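J.:
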Amino acid sequence: MENKKVLLGMSGGVDSSVSALLLKKQGYEVIGASLELLPDSVCNTHTFLDAKNVCDFIGIPHFSYDYKNEFKKHVIDDFVGCYMTCKTPNPCIECNKYMKFGVMYEKAKELGCNYIATGHYAKTEYNEKYKRWVLKKSNAGKKDQSYVLWSIPQNLIQHILFPLSNFETKDEIREIARKNNLNVANKPDSEDICFIPDGNYKKFLENNSNIKPIVGNIVNSKGQILGKHTGLYNYTIGQRKGLGISNPTPLFVLGFNKEKNEVIVGEEKELYKKEVTVTNINLLLVDDIKEEIEVNVKTRYTSKDAKAKIHKEGNNIKVIFNEEQRAITPGQSAVFYIDDIVLGGGKIQL
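Mapped onto the numbering used here, the consecutive letters of the sequence shown carry residue numbers 154 to 503.
#1: Pick from L302, F348 and Q298: whose alpha carbon is nearest that of V228?
#2: Counting along the chain, where does the alpha helix (DSSP H) carrying D219 start and finish?
#3: Is V431 closer than 9 angstroms to L496 when the C-beta atoms are compared?
#4: Between S304 and the rest of its own chain, which residues show a CB-CB distance below 6 angstroms, the 5 nearest in sequence each way excluded?
#5: Below 6 angstroms CB to CB, which residues in the same chain sit around S291 once its five sequence neighbours on both sides are set aside?
#6: Quick one: what's Y279 bridged to in DSSP?
#7: Let me check understanding here. Comparing Cα to Cα, which of L407, F409, I398 and V183 lies closest to G265?
#8: In this structure, what does DSSP give as the bridge partners for H382?
#9: Buried or exposed for Y279, please, with buried defined as at least 16 other CB atoms from any protein chain shown within 10 angstroms of its CB.
#10: E412 by DSSP, collapsed to three states: which one?
#11: Whose C-alpha, out of L335, N353, N387 and G162, is nearest the C-alpha of Y218?
#12: Does the Cβ of I378 have 16 or more other Cβ atoms within 10 Å, making it buried, or fewer, making it exposed?
#13: Per the contact definition of three or more C-beta pairs closer than 8 angstroms, is the segment 369–383 in contact with the segment 403–417?
#14: Specify the secondary structure class of L174 as computed by DSSP and reduced to three states.
#15: Under 8 angstroms by Cβ, that's how I've got T482 and T241 pegged, so tell me the actual separation to the nearest angstrom.
#16: Within the same chain, show all residues whose beta-carbon is closer than 7 angstroms to that of V472, passing over the 5 residues directly before and after it, in chain order.
#17: In whole angstroms, what is the alpha-carbon distance linking V167 and N333?
#18: Determine the burial state of S343: buried for a count of at least 16 other Cβ atoms within 10 Å of its Cβ, exposed for fewer.
#19: How is the alpha helix (DSSP H) around Y490 delimited, first residue to last?
#20: Would you be able to state if there are at least three C-beta pairs under 8 angstroms between the segment 411–425 and the segment 390–400?
#21: What is the DSSP secondary structure of L437, reduced to helix, strand or coil?
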């Protein structure tokens, strides 16, 4: 008899709350789990209360687990480390790898669960062509979150449930919550990084690391000094506003010279690149890439898929786009798709 016991990550939001409801209706034995990731805060308290209230209302157990140390080590320290090396991180990817699909899966096994679940908009299924479980895009279009899940272990996919995989809009999820009298039906979406609720990542870095606003030169690609910057971490590739430089044509941040403490700027045409190297590879659809493959690539969560060819170079993957791409940024992820299936992904390194 199939073990239908599932540990569901619950943030107190409408997505994970409706996921709990749907799993219970599908006959799963659901346990709600909230991960304590941040030092005590009002936000934490509301999150756990909302999750617990939903679990009590629909009649499933709810537990919270303290993983503050693990979160600091794997997510916050990585976030700070990226900015210290002039990269732009996506902390959700580290959180998914180490927390939601790392320590939470270990907790699920401890509790005798065969599955873990989250309210992500993504899909898992067995694929006959590839003879393995695959991670796919959901039906949610722009809200699809498969991009931030490329780093999960391949052998975990068959143990992951995404109850929202077939829904197309958030409105559908809110309507289910309203019809079932869930008190989080109208709770706003959280758009910011969870550990920076005010969205001011610069202040967070200054208060939580050795990163300080050290003034340096803004230069063009020929090394000519055009102005002063207020600290490398205050800028990102593709940025146009806030440079404080007057120029006949608009200037954009192209990159950094950490050793010289310089921000490098140039015209928009200099932002475009056709090739990129990707490191920290995690393959989900195949065990290895032995020859060149045609894929679609996303280089940011909000970017459109771009056609490209990829091949292995040592432990890394070289991406050659069919058309030049704008503002490719080190530290962000490149995720490779074949149709709507996630082939794998890695971290961008120019």
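From the three backbone atoms N, C-alpha and C, an ideal C-beta is built for every residue, glycine too. These figures come from a predicted structure and were not determined experimentally.
T.: Result, derived from the coordinates:
#1: F348
#2: No alpha helix (DSSP H) holds D219; the beta strand (DSSP E) holding it covers H215 to D219.
#3: no
#4: Hits under 6 angstroms: I246, K250 and N435.
#5: Y274, A275, K276, D297 and S318
#6: W286
#7: V183
#8: When beta bridges are read from the DSSP output, H382 appears opposite G369.
#9: For Y279, the number of other beta carbons within 10 angstroms of its own is below 16, and it is reported as exposed.
#10: coil
#11: G162
#12: By the 10 Å Cβ count, I378 comes out exposed.
#13: Contact between the segment 403–417 and the segment 369–383 is present, because at least three Cβ pairs lie under 8 angstroms.
#14: helix
#15: Taking a contact as a CB-CB distance under 8 angstroms, the pair T482 and T241 counts as one, their CB atoms being some 5 angstroms apart.
#16: E428, V429, V431, V450, A461, I463 and A487
#17: 12 angstroms
#18: exposed
#19: No alpha helix (DSSP H) contains Y490, which is instead part of the beta strand (DSSP E) from S486 to I491.
#20: yes
#21: coil
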